[in-house]
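Residue numbers (the numbering used here), protein chains in the order written: chain A, 308 to 450; chain B, 308 to 450. Notes to accompany the following structure.
Number of protein chains: 2
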Amino acid sequence: MRPLDNHLCFALYAASRAMTAGYRGPLSELGLTYPQFIVMVVLWQTDGVTVGELGKQLQLDSGTLTPLLKRLEQANLVTRQRNADDERELIVTLTEDGHALRHKANDVSEQVFCRTGLEESAAMQLLGDLHDLTARLRTNNPV
Amino acid sequence: MRPLDNHLCFALYAASRAMTAGYRGPLSELGLTYPQFIVMVVLWQTDGVTVGELGKQLQLDSGTLTPLLKRLEQANLVTRQRNADDERELIVTLTEDGHALRHKANDVSEQVFCRTGLEESAAMQLLGDLHDLTARLRTNNPV
DNA sequence: GTCAATCATATTGCGCACAATTTAATTGTG
DNA sequence: CACAATTAAATTGTGCGCAATATGATTGAC
């Protein structure tokens, strides 16, 4: 058995948590958790999406998203309404407050990115490697 | 605001969850969750450590470790006993069953690594990059 | 030696993740 | 139209992560 430091899984797990921890302080000033933040990122990119579409992009299921979205609704950042054409679907839409948070959140992203000390090119390389890895793990993992 | 795909934080978050998902099936046959597995990796490496030492290596606090270790104890994989020289400390020690699990777990690691489709050299490169990133995030994150 | 400060772990509470199940709406087939 | 199959979200239950606090043991200053 390899030592802990040689486990790629742990390197990912540790890096992901360290990154989330980096976002925690700045995001708390916006009243957001990290998972709430990435939901907002999707909405800033494509407003008015269904829970299913959010889940597809974030790889999160309704068990995670439903309560999270209810909290965003409570915070008056999104509205949740059924699609009139298909009452099974729930459409999530940004409120005015939700839109307004975009610029502050962008500052947070830049701020945390600076803390990584990465060059833009190194970050892009790492980003690509991680996307490839994620894709391969998903295809090769029997569900 | 960058799209979701340009966020390094999300690439890490997605990759880490995909990796954990890759371990889920094989580990469930050993009766372990992923966090329980990494605790066991530390113990296979250094048996008889305190909760504090585990927490230092894994960057997890007692709020996470205490219940997790109680479950490992329930599963008869570890014992938990106070240090007689300092009753504040709790020493976690592998049981016979805990030791015995090591080989099966090693197979799981190899199996999941194969699914990444990575060359050994590429994996080492990525491992190093992730360690660096984690270190930088930790130093630059005011706690 | 006493007692305040420190330290290690445990507890509590909240918000994810995810599996499994449920509920309700829609679709497809006869 | 009827109704079984499918689909989208919601619900339930378990196990993390982590902040905040509590408990109990040890240390240090006097």
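Glycine residues also receive a C-beta, built at the ideal position from the N, C-alpha and C atoms.
Beta carbon proximity, residue i to chain B, threshold 8 Å
i, result
"Q388 of chain A", "no"
"G355 of chain A", "no"
"Q343 of chain A", "no"
"A430 of chain A", "yes"
Residue-chain proximity (residue i, chain A), Cβ-Cβ < 8 Å
i, result
"G424 of chain B", "yes"
"A407 of chain B", "no"
"R395 of chain B", "no"
"T441 of chain B", "yes"
"S323 of chain B", "yes"
"D404 of chain B", "no"
"V399 of chain B", "no"
"V349 of chain B", "yes"
"G338 of chain B", "no"
"L379 of chain B", "no"
"L437 of chain B", "yes"
Contact under 8 Å by Cβ, residue i with residue j
i, j, result
"L437 of chain B", "A322 of chain A", "yes"
"Q364 of chain A", "P310 of chain B", "no"
"M431 of chain A", "L319 of chain B", "no"
"V356 of chain A", "L376 of chain A", "no"
"A412 of chain A", "F344 of chain A", "yes"
"R387 of chain B", "E396 of chain B", "no"
"L444 of chain B", "G329 of chain A", "yes"
"S300 of chain B", "H314 of chain A", "The structure shown does not extend to residue 300 of chain B, since chain B is modelled only from 308 through 450, so no value can be given for it."
"L372 of chain A", "V358 of chain A", "yes"
"N383 of chain B", "D404 of chain B", "yes"
"R324 of chain A", "Q366 of chain B", "yes"
"T423 of chain B", "L334 of chain A", "no"
Run of the alpha helix (DSSP H) containing residue i, from where it starts to where it stops
i, result
"M347 of chain A", "Y341 to Q352"
"L315 of chain B", "L315 to S335"
6 Å CB neighbourhood of residue i in its chain, flanking five on each side removed
i, result
"M347 of chain B", "none"
"L350 of chain A", "L401"
"F317 of chain A", "L311"
"G265 of chain B", "No answer is possible for residue 265 of chain B: the residues shown for chain B start at 308 and end at 450."
"Y341 of chain B", "T327 and Y330"
Residues of its chain near residue i, where Cβ-Cβ distance is below 8 Å and the 5 sequence neighbours each way are ignored
i, result
"D368 of chain B", "G362"
"Q381 of chain B", "none"
Neighbourhood of residue i by C-beta, 7 Å cutoff - its chain only, sequence neighbours within 5 removed
i, result
"C421 of chain A", "none"
"M308 of chain A", "none"
Which whole runs of the alpha helix (DSSP H) in the segment 363–441 of chain B are 4 residues long or more, in chain order?
If we require 4 residues or more, the alpha helix (DSSP H) runs fully inside the segment 363–441 of chain B come out as 369–381 and 403–423.
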